[in-house]
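Trainee:
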Amino acid sequence: MSGRKGLIGSLIITLFAGFICAALVPTARANAWTERSEITFRSPVQVPGRVLLPGTYTFQLLNSPSERNVVLIFNKNQSKLDAIIMAVPAYRLYPTARTVVTFEERPADTPEAIRTWFYPGMNYGQRFVYRHTANELAMKDSPKSAARG
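Using my numbering, you'd call the opening residue of the sequence shown number 1 and step up by one each time.
1. Answer yes or no: do F128 and V70 have a C-beta to C-beta separation smaller than 8 Å?
2. Compare the C-alpha of P120 against each of S43, A113 and Y91 and name the closest.
3. Quick one: give me the first and last residue of the beta strand (DSSP E) that N75 is part of.
4. Would you call the CB atoms of I39 and F59 closer than 8 Å?
5. Apart from the five residues on each side of it in sequence, which residues of its chain come closer than 6 Å, Cβ to Cβ, to Q78?
6. Am I right that T102 and N63 are in contact with their C-beta atoms under 8 Å? What's the rounded C-beta distance?
7. In the region 93 to 128, which residue ranges form an unbroken alpha helix (DSSP H) of at least 4 residues, counting only runs that do not cross its ends?
8. On the criterion of 16 or more Cβ atoms from any shown chain inside 10 Å, does A87 qualify as buried, or is it exposed?
9. Please identify the residue among P54, W117 and V45 whose C-alpha is closest to the C-alpha of T96.
10. Taking buried to mean at least 16 other C-beta atoms within 10 Å of its own C-beta, is L61 buried or exposed?
11. Which same chain residues, not among the five before or five after D82, have their C-beta less than 7 Å away from its C-beta?
12. Helix, strand or coil for A90, going by three-state DSSP, please let me know.
13. Report the residue from Y124, Y94, A113 and E67 whose alpha carbon sits nearest the alpha carbon of R50.
Spelled out as structure tokens, the structure:
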């Protein structure tokens, strides 16, 4: 009799633990899904359409299965949305264990401009496109440039 009670007790504990784990899984996946990263800048940085002052910001993707290139930038505690950026996919050969942000070359008297953002462990990231970058890409694809080269 006591063996059966012990077995039922173990089964109940196992089921309860399974329910707890199942309840926690969406929270753990949410950070990986939105690729939420806290990034601190010691000097002003430019993102398309604005300049972020020195401080800590939360970068994350829009929580959408169909649009994986919209970057939301919040203040550190996520109480204020500072920017919404339409990015383009970026790729690197080797993922790293940490968040990686790269910058474009800019004149010395202007803030550094963020070029790419990669979430830890990912080969694919986000490339921020600025007006001059878009113009350069359009010029490369124009019929005039194809005729010249």
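Beta carbons: idealized from backbone N, C-alpha and C, even for Gly. All values derive from a computational prediction rather than experimental measurement.
Mentor: Taking the geometry as given:
1. Here residue 128 refers to the residue found at position 128 when the sequence shown is read from its first residue. Here residue 70 refers to the residue found at position 70 when the sequence shown is read from its first residue. Not in contact: F128 and V70 (Cβ atoms no closer than 8 Å).
2. For the purposes of this step, residue 120 is identified with residue 120 of the sequence shown, where counting begins at 1. The shortest Cα separation from P120 among S43, A113 and Y91 belongs to Y91.
3. For the purposes of this step, residue 75 is identified with residue 75 of the sequence shown, where counting begins at 1. N75 -> beta strand (DSSP E) spans V70 to N75.
4. Your numbering for residue 39 matches position 39 in the sequence shown. Your numbering for residue 59 matches position 59 in the sequence shown. Closer than 8 Å, so yes.
5. Reading the sequence shown from its first residue, position 78 is the one you call residue 78. Contacts found: T58.
6. Counted from its first residue, the sequence shown places residue 102 at position 102. Counted from its first residue, the sequence shown places residue 63 at position 63. Incorrect: roughly 25 Å between the Cβ atoms, too far for contact.
7. none
8. Residue 87 sits at position 87 when you count from the first residue of the sequence shown. The residue in question, A87, is buried, as its Cβ has 16 or more Cβ neighbours within 10 Å.
9. As a first step, residue 96 must be located in the sequence shown, where it is residue number 96. Here the closest residue by C-alpha is W117.
10. Walking along the sequence shown from the start, residue 61 turns up at place 61. Its Cβ being crowded by 16 or more others within 10 Å, L61 is buried.
11. Within the sequence shown, residue 82 is the residue found at index 82, counting from 1. If we look at D82 and ignore the five residues flanking it on each side, its Cβ neighbours are L52, Y57, I73, F74 and N75.
12. Sequence index remark: in the sequence shown, residue 90 carries index 90 (1-based). Residue state, collapsed to three classes: strand.
13. As a working note, residue 50 is residue 50 in the sequence shown. Among Y124, Y94, A113 and E67, the Cα nearest to that of R50 belongs to A113.
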